[in-house]
Structure formats: C-alpha cells, structure tokens
Amino acid sequence: MVKPNRDGKLAELKSLIAAKASDPTTNRDGKLNRKVLIFTAFSDTAQYLYREVAGWARKELGIHTALVRGDGANQASLGRSDYVSVSEHR
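Numbering (this note's numbering), first residue to last: 16 to 105.
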C-alpha cells in the first residue's frame, strides 16, 4: 500500500490544485474561478483524496473542499455537506 507521503499521484494532484488556486481562470462573467472538480468511480479513492487534500487545501491555499458521494454520505470543510450548498459555494 502506498503511503500518502510517498504517493506521487497525490503529490501531482496537489500541485495541479495549487496551480489552479494561484492562477485561476475566469468564468463567462469575468469572475475568478478557483473551483476544481475531481471525479472517481471508487468511493475508497474519493475518501482517501478528501482525507489527504481537505486539510492541506484549507491550510495552504485557503480553499474549501467537499466530498460528494452517491450514497449521500457527503462531507465539506465549509460546514454544509448537501450537494446544492457545496456546488453553489463561492
């Protein structure tokens, strides 16, 4: 089993997220878009990524994270875990 501190794919993902947060794109209205969506077919992978990215993203980048799962067991660092609140958070 790969440990998070030796997980090259996790390190690359964090690098991509940091790049997006520091140099965001703009939406059609000209507003900055720092949102990143990560999709996976596996619940275990989603939980691992949320566990490893959430605290880091909040502390290092000042951004919120959320885990939205098909079974409704959602989590979010912004205090709300329902899909609508997470997807509309600015």
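The beta-carbon is built from N, C-alpha and C at its ideal position, and this holds for glycine as well.
Residues near Arg84 by beta carbon distance below 7 Å, same chain, minus five either side: Once the five neighbours on either side are set aside, the close Cβ partners of Arg84 are Ser58 and Ala61.
Whether Glu75 touches Leu25 by CB criterion (8 Å): For Glu75 and Leu25, no; Cβs fall outside 8 Å.
Proximity test, Cβ basis, 8 Å: Tyr63 and chain D: In the structure shown, chain D does not exist; there is a single protein chain.
Arg66 - containing alpha helix (DSSP H), residue span: The continuous alpha helix (DSSP H) containing Arg66 extends over residues Ser58 to Trp71.
Three-state class that DSSP yields for Asn107 in the structure shown: Beyond the ends of the chain as shown, which are 16 and 105, falls residue 107; an answer cannot be given.
Short Cβ contact (8 Å threshold) for Lys35 with Val51: Contact flag set, yes.
Euclidean distance between Cα positions of Thr55 and Tyr63: Using only the alpha carbons, I get a separation of about 11 Å.
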